[in-house]
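Count along the sequence shown from 1, then add 4; that gives the number in the working numbering.
Note that CB positions come from ideal geometry on N, CA and C, so glycine has one too.
Contents: one structure, followed by commentary.
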Amino acid sequence: MSPDRPEGEGMAVPGSAALSRPGLRGREAELERLRALIEAVRDGEGGAIALLLGEPGIGKTVLLQETVSIARAHGFVVSHGRAEELHELAPLASLASGLLHGDPPLLSSTDFADLAGHHDQRIWLVERLAQLIEERSAGTPVLIAVDDVQWADPLSRFALSVMPARLLSSPVLWLLTGRNDPELYGQGPRTTTLPLRPLSDTALAELARDVLGGDVPTQVAELLDGAGGNPFLAAEMLTGIAASGAGVDADEPEPPERLVLGVRDRLADLRPDTLHFLRIGSVLGRAFSLADAAALCGRPASGLSAEVDEAIAAALLHDDGERLLFRHDLLRQAVYADLAPSVRRALHREAASRLVAAGRSSTDAVPHLLKSAEPGDQEAIGLLGTAATDVIAVMPDLAADLAVRALELVPPHAPMAFDVGERAIVALTRAGRYTQARDTGDTLLARQPPLDVFARLQSVLGDTLWHLDDIHELTRRSTAALAAVTDPTIRARLTARQALARSRGRDLGAARETGERALAEAERSGDREARVLALWGLGEIALNAGDCAAALEHHTALSVFDTAFLPEEAIARIHMDDFDAARRMLRTAGDVLLRPAMLTWAQGTLNMGLGRLDDADADLVTAERLEADLHVPGNLVNIRVNRGLLAMLRGDREAAREHLDVVRATVAGRPNTGNHATHRYFEAVVADAEGDHAAAAELVRSVQRDHHFLRWRLLRPHVVQAVRIALRGGERNLAEDLAAQAAEHATCNPSVPTAQGTAAHAAGLVNADHGLLERAVRILLTGPRPLPLAAASADLGRALLAAGDPAATPTLTRAHDIFAQVGADAEADRVQVDLERATSRSGRRSGGRRPRLGQGWEALTASERKVARLIAAGHTNRSAAEALVVSPHTVNTHLASIFRKLSVRSRVHLARIVLAEGDAGTATGD
């Protein structure tokens, strides 16, 4: 008996004899846990994930198939798919293999065609796929099983990482098998991981009795010990014994030699033509078409019937009606391993050429090229480049790998290296691998390319350097390239890059001139990319100069030209206090498939301006989640700073510090100067709240001093708070500078009430001028933002109170009521103290602000209650989003928070709680 396999491990548990049968020996405990998961999902316990992990042949597929059968018997709709090693470039292939097949299929061909048409929009695709599954699971539980997930294509892996969390409350069981943990992430459903260990000696003996019948001789048991507890290898040995005719009742059975040599010797009994056919098939993958194998064999498919029949009879292949499949991947590996490495490489290369000649896509040929192409292979270089272009929108990391491999195949001094290298730089930048992109470009530039090529490479490297926030180098390189360029298109792009770089400097007038020149050059050249860059640069320059009207003009032109920039236009309208137009834009933005995280950020900015703090926080959480899903956390610092400032308004300093810790860690690894400026300002707010007024004032001064281009971009919504910090820190000159800055901004934006009112408010604080504070309140009453109005009213009320003016009471009351209504509890409490002094009534506070509850129905925000009622009434996430005029992503964020606060796992449980709360409130109003 093997010392690694305990005698009793894997024995049937009492009452589970029915589970212990051929193919499942030793897996009774795992199967019982899977059965319990099926029943829990069926009974309304919410979604769940089960991971079956282990080496090849350990029994993952058999256990998955049995689980599928049990789920069907329990009324589940089943999607049963398999990932395949050589199909990892086909977007969504691994999931599609199950979603479209079944009785009935989980998705119709029409549904899938709609998805496939947008495979380049990952977030949209996953959201739409989740909607379809959610709708399908509304009346029937669903099992989605994917075998061999280690081979899943990147888009399927992305969907499997995101969708379980998206379908947290739906009765969906995800069953994945793999050789290692697929490392799903996010706030998903409960996960059960079942590592399949080697079978015990008891289970192996039962398996032997199943195959051979009767008692198992000691010699056979000793022979099985060589299988290492792997059920597939053990079954192959036992099948060989049974087929050999050796008497298992003999005292000393002699095992046939092919058992000693394993699967490899089974192949020796095949005819040479069949063996050759199997070797060709092993190169094509575990599943392959007869037509592809015939093409590689150089024979007609009709002439291979004898080989196919023999391979099936030998239990090596299976025919599913569409393709031939090796009965197990270990069998394919054994056949493949028998090929000499040079033969394998040649067959893979020939397979790629045959597939291309047959009209197959580059994604079918490229997996073979990755195993066979050698330097100088022109066809391979071209196909790798085509495949990288095909998948870059949906699988940027894979595209970068393919583009880099193509560059590696180019001979060092071949002229085509520059074209191939340019595509590699673009792909690496798109994938967020900025340092590698820059290094690749610098290696190419070191070869001293022709001047126009030099300029073109510097143009694409401009995007890389922008993301690296290396503004000095971007300026230096774009200037040098402009001196060498002759191509008008590249000149327009370089000029636009230069304008973007200059938007970060102090001379914004010169930057504007550069941007206008770039736009003129783009229009003359007719280049779309140059036009987008020029308009974007002009918008950035206007924002940094505090010119909201000009920023709106450029961003409107940009979003009309390219709808991906609609969020920028919406934010520009918010800066203009045109909240109605921004709201209309965002309501209709659901059809804009690009940049969902930025759209959600814009919605959060609008809700912050409207004083809807809970909704703004939910939007910011959603935006962060969407960025994390895509592995591009470019806005994480801004998101966390704004969430931290919200927490400070609510009086939750602990949450604010948690956000600050995330910001500190993020900024440490990111060079972006805007991030550093935002971080310093947040540090100032926290330091001021903790009583370190001098340090807080110095931090504000550093923002003003070191980040001139961000003065109004950062301080526009926060200048009054910054003035207070400066005054409390004894920095009157800084406060005056800030007030002057606010006045300059008001001059640039005469039609924006917030700009005018904020300038009057800041000047009123610096000069202790009641009249200016009164003017601020009057102006802000005409604007759409409640928080600046409340802040100005509070400061005016305090000034009136100090002067003994009875008008202090109604003014402070207005400030208090606004703060309380929007949930700015900390500010409401501070005003309440002043209001008590004004009214000489100490009973009004009733013991102070009621602390926010963390659990239970009362802990839900107003928006969360609306979502809870809609979901309990049977709405899907999408229909609830339509009713509330928000995105499904935001509904999902609310729902995750609801489940956490109510400690529930499913919509069924949620409906019971909502019912228990009675009829207070409605689905769309509290």
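Taking the CB atoms as reference points, tell me whether residue i and residue j lie closer together than 8 Å.
{"i": "Gly733", "j": "His683", "result": "no"}
{"i": "Leu914", "j": "Val908", "result": "yes"}
{"i": "Glu70", "j": "Trp155", "result": "no"}
{"i": "Ser174", "j": "Glu226", "result": "no"}
{"i": "Ala391", "j": "Ser366", "result": "yes"}
{"i": "Leu147", "j": "Ala44", "result": "no"}
{"i": "Thr626", "j": "Thr609", "result": "no"}
{"i": "Leu448", "j": "Ala421", "result": "yes"}
{"i": "Leu539", "j": "Ala561", "result": "yes"}
{"i": "Ala87", "j": "Val176", "result": "no"}
{"i": "Val501", "j": "Leu537", "result": "Residue 501 is actually Arg in this sequence, not Val. Cβ atoms of Arg501 and Leu537: closer than 8 Å."}
{"i": "His680", "j": "Arg720", "result": "no"}
{"i": "Ser160", "j": "Leu99", "result": "yes"}
{"i": "Ala505", "j": "Gly519", "result": "no"}
{"i": "Arg349", "j": "Arg290", "result": "no"}
{"i": "Leu590", "j": "Ala574", "result": "yes"}
{"i": "Ala688", "j": "Ile729", "result": "yes"}
{"i": "Leu200", "j": "Ala238", "result": "no"}
Tell me which same chain residues have a C-beta within less than 6 Å of the C-beta of residue i, skipping the five on either side of it?
{"i": "Asp8", "result": "With a pLDDT of 44 at Asp8, under the threshold of 50, the modelled position of that residue is not reliable, and the figure given next carries that caveat. Correct list: empty, nothing qualifies."}
{"i": "Ser850", "result": "Interpretation of Ser850 is limited by its pLDDT of 40, a score under 50 that renders its predicted location unreliable; no figure is taken from the coordinates."}
{"i": "Arg516", "result": "Ile545"}
{"i": "Ile822", "result": "Pro790, Ala794"}
{"i": "Ala435", "result": "Pro400, Asp401, Ala404"}
{"i": "Arg451", "result": "none"}
Label residue i either buried or exposed according to how many other C-beta atoms from any shown protein chain fall within 10 Å of its C-beta, with 16 as the threshold for buried.
{"i": "His722", "result": "buried"}
{"i": "Val918", "result": "buried"}
{"i": "Glu412", "result": "exposed"}
{"i": "Val398", "result": "buried"}
{"i": "Gln825", "result": "exposed"}
{"i": "Ala920", "result": "exposed"}
{"i": "Glu527", "result": "exposed"}
{"i": "Ala310", "result": "exposed"}
{"i": "Val430", "result": "buried"}
{"i": "Val564", "result": "exposed"}
{"i": "Ser910", "result": "buried"}
{"i": "His785", "result": "In the sequence as displayed, the identity of residue 785 is Leu instead of His. When all chains shown are included, Leu785 counts as exposed."}
Would you kindly report the start and end of the unbroken alpha helix (DSSP H) that includes residue i?
{"i": "Gly801", "result": "790 to 806"}
{"i": "Asp584", "result": "583 to 591"}
{"i": "Ile62", "result": "Per DSSP, Ile62 belongs to no alpha helix (DSSP H) and is neither H nor E."}
{"i": "Ser482", "result": "475 to 486"}
{"i": "Gly775", "result": "774 to 784"}
{"i": "His559", "result": "552 to 565"}
{"i": "His352", "result": "345 to 361"}
{"i": "Gly285", "result": "276 to 288"}
{"i": "His913", "result": "911 to 920"}
{"i": "Asp313", "result": "309 to 317"}
{"i": "Pro721", "result": "Counting along the chain, Pro721 falls outside any alpha helix (DSSP H), and DSSP gives it neither H nor E."}
Looking only at its own chain, which residues have a Cβ that is under 7 Å from the Cβ of residue i, when we skip the five neighbours before and after it?
{"i": "Ala872", "result": "Leu864, Ile902, Leu914, Val918"}
{"i": "Val912", "result": "Gly48"}
{"i": "Arg427", "result": "Gly389, Ala392, Ala407"}
{"i": "Ala743", "result": "Val727, Ala766, Ala767, Val770"}
{"i": "Arg705", "result": "Glu735, Leu738"}
Terminal residues of the continuous beta strand (DSSP E) containing residue i?
{"i": "Ser376", "result": "Where Ser376 is concerned, there is no enclosing beta strand (DSSP E), given that its DSSP letter is neither H nor E."}
{"i": "Thr181", "result": "176 to 182"}
{"i": "Ala149", "result": "146 to 151"}
{"i": "Gly615", "result": "Unbroken run through Gly615: none, as it is neither H nor E."}
{"i": "Gly85", "result": "81 to 86"}
{"i": "Ala421", "result": "Counting along the chain, Ala421 falls outside any beta strand (DSSP E), though it belongs to the alpha helix (DSSP H) covering 421 to 434."}
{"i": "Phe823", "result": "Run containing Phe823: none in the beta strand (DSSP E); it sits in the alpha helix (DSSP H), 812 to 826."}
{"i": "Ala747", "result": "Element bounds for Ala747: not the beta strand (DSSP E) but the alpha helix (DSSP H), 736 to 752."}
Grab me the residues of residue i's own chain with a C-beta within less than 8 Å of its C-beta, minus the 5 sequence neighbours each way, in chain order.
{"i": "Arg834", "result": "Ala798"}
Any 3 or more C-beta pairs closer than 8 Å across the region 320 to 332 and the region 349 to 362: no
The region 831 to 845 / the region 883 to 899 touching (three or more Cβ pairs under 8 Å): no
Three-pair Cβ contact test at 8 Å for the region 294 to 313 versus the region 337 to 344: no
The region 606 to 620 in contact with the region 804 to 820 per 3-pair CB rule at 8 Å: no
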